[in-house]
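In my numbering, the protein residues as written are 10 to 353. Every residue gets a Cβ at the ideal spot worked out from N, C-alpha and C, and that includes glycine.
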């Protein structure tokens with residue numbers, strides 16, 4: 010199944026399989042791993058527009074990136090059009106981003122409760138204003154990530170998508186679930202297909218993709234211009250390679266134990282490095298940061314080692330381990346035992 014390149018403003022994405030922005034997950038080390046394995050575009054974690062506008066150090070660190078991360082989008086949230094515009098101008102001035110993505114889909118209460126995230130879907134005209142003002146403040150392409158509605162009784166995605174396009178957005182990332190579904194439940198392909206047919210800007214589908222089969226089905230059934238993967242990439246960055254192979258008629262081989270171990274080690278060491286940089290603002294002891302890095306890695310590690318006997322015990326012991334290297338050693342031992350057991 011050959012998919013044509015995706016054009017977002019002046020950005021050409023040869024294979025349009027994209028890493029979704031995820032709070033607590035899409036840090037530079039994970040983004041870079043996904044990039045090398047085939048993600049055509051990545052985004053930062055969710056970053057508050059107000060914090061960017063005020064250039065708060067504890068906010069600006071979330072805009073850090075590796076120089077090799079290209080293309081890269083800044084994913085920002087908020088509720089005030091003028092604050093969004095001011096933040097966009099600062100993001101543009103950093104010179105490290107290729108586009109700016111506006112969050113209109115986060116269902117988390119502390120975000121939506123302040124009128125941001127998915128709460129913006131109840132105000133299509135405000136979304137239009139945000140997109141227009143951000144567009145005026147930057148030379149970068151502007152995109153929007155949203156859902157199909159807050160609840161099934163508040164399904165106004167057609168109106169919202171129209172406002173997004175008329176505001177000047179270059180693309181729409183559509184998570185085809187309601188906010189009340191969070192990250193579970195059925196993905197509405199019919200509604201996704203409808204929105205794709207109604208809009209002239211690229212529509213990229215999101216929701217429920219864990220491999221090449223789901224990506225193919227989304228493209229076939231909806232006609233969207235590409236796919237975005239969030240939760241399905243956690244612990245499995247190889248999903249991008251799998252889809253790239255499928256779309257280019259190349260045989261895919263699952264990662265070996267050695268490759269998994271190499272990626273786990275790279276990811277954890279990179280996370281520790283990033284957290285150490287952030288710690289320069291707080292001045293905690295290095296050992297404390299190592300423990301925090303190990304704790305933050307729990308969500309990733311559980312997915313990397315899904316199905317491996319002993320993983321739950323290892324996850325429970327992460328906070329008691331003295332260093333990042335001790336975790337890597339423990340993971341290596343666990344995977345070695347698993348391999349030996351399978352060979353018996």
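Item: C-alpha distance - residue 114 paired with residue 154, whole-angstrom precision; Value: 6 angstroms
Item: C-alpha distance - residue 26 paired with residue 227, whole-angstrom precision; Value: 12 angstroms
Item: Enclosing alpha helix (DSSP H) for residue 221 [first to last residue]; Value: 221-231
Item: CB contact flag (residue 80, residue 22, <9 angstroms); Value: yes
Item: Residue 43 in three-state terms, based on DSSP; Value: helix
Item: Cutoff 7 angstroms; reference residue 15; Cβ partners in own chain excluding five residues on either side; Value: 22, 25, 211, 234 and 235
Item: Burial state of residue 55 (16 or more Cβ within 10 Å); Value: buried
Item: The stretch 192-206 touching the stretch 127-142, judged by at least three CB pairs closer than 8 angstroms; Value: no
Item: Whole-angstrom distance between residue 97 and residue 352, CA atom to CA atom; Value: In this predicted model, residue 352 has a pLDDT of only 43, less than 50, meaning its place in the structure is not dependable enough to derive any value.
Item: 9 angstroms Cβ cutoff met for residue 177 and residue 117; Value: no
Item: Own chain partners of residue 36 with C-beta closer than 8 angstroms, once the 5 adjacent residues on each side are dropped; Value: 54, 279, 280 and 283
Item: Test item: CB-CB of residue 71 and residue 243 under 9 angstroms; Value: no
Item: Endpoints, alpha helix (DSSP H) assigned at residue 269; Value: 266-288
Item: Enclosing beta strand (DSSP E) for residue 250 [first to last residue]; Value: No beta strand (DSSP E) holds residue 250; the alpha helix (DSSP H) holding it covers 248-256.
Item: Cβ distance (whole Å) where residue 252 is taken to contact residue 224 below 8 angstroms; Value: 5 angstroms
Item: Pairwise C-alpha distance: residue 66 and residue 286; Value: 11 angstroms
Item: Run of the beta strand (DSSP E) containing residue 133, from where it starts to where it stops; Value: No beta strand (DSSP E) holds residue 133; the alpha helix (DSSP H) holding it covers 133-146.
Item: Cβ-Cβ distance between residue 186 and residue 157 below 9 angstroms; Value: yes
Item: Alpha-carbon spacing of residue 52 relative to residue 58, whole angstroms; Value: 15 angstroms
Item: DSSP-derived helix/strand/coil call for residue 352; Value: The predicted position of residue 352 is uncertain, since its pLDDT is 43 and thus under 50; a value taken from the coordinates is nonetheless stated next. Looking at residue 352 - three-state DSSP - the assignment turns out to be helix.
Item: Residue range of the unbroken alpha helix (DSSP H) whose run includes residue 90; Value: 90-103
Item: Beta-carbon proximity of residue 371 to residue 75, cut-off 9 angstroms; Value: Lying before the first or after the last residue shown, residue 371 is absent from the chain, which here runs from 10 to 353.
Item: Local Cβ density within 10 Å of residue 1, reported as buried at 16 or more and exposed below that; Value: Residue 1 lies beyond the residue range present for the chain, which begins at 10 and ends at 353; the question has no answer from this structure.
Item: Sequence-distant residues of the same chain with beta carbon closer than 6 angstroms to residue 312, five excluded per side; Value: 243 and 244
Item: Selected residue, minimal CA-CA separation from residue 146, among 92, 305 and 170; Value: 92
Item: Local conformation of residue 72 per DSSP, three classes; Value: helix
Item: Residue 84, buried or exposed, once every other Cβ within 10 Å from all chains shown has been counted against 16; Value: buried
Item: Rounded separation between residue 288 and residue 333 - CA only; Value: 16 angstroms
Item: Beta-carbon gap between residue 180 and residue 152 smaller than 9 angstroms; Value: yes
Item: Enclosing alpha helix (DSSP H) for residue 317 [first to last residue]; Value: No alpha helix (DSSP H) holds residue 317; DSSP gives it neither H nor E.
Item: Simplified DSSP assignment, three categories, for residue 79; Value: coil
Item: Bounding residues of the alpha helix (DSSP H) (the contiguous stretch that carries residue 206); Value: 198-207
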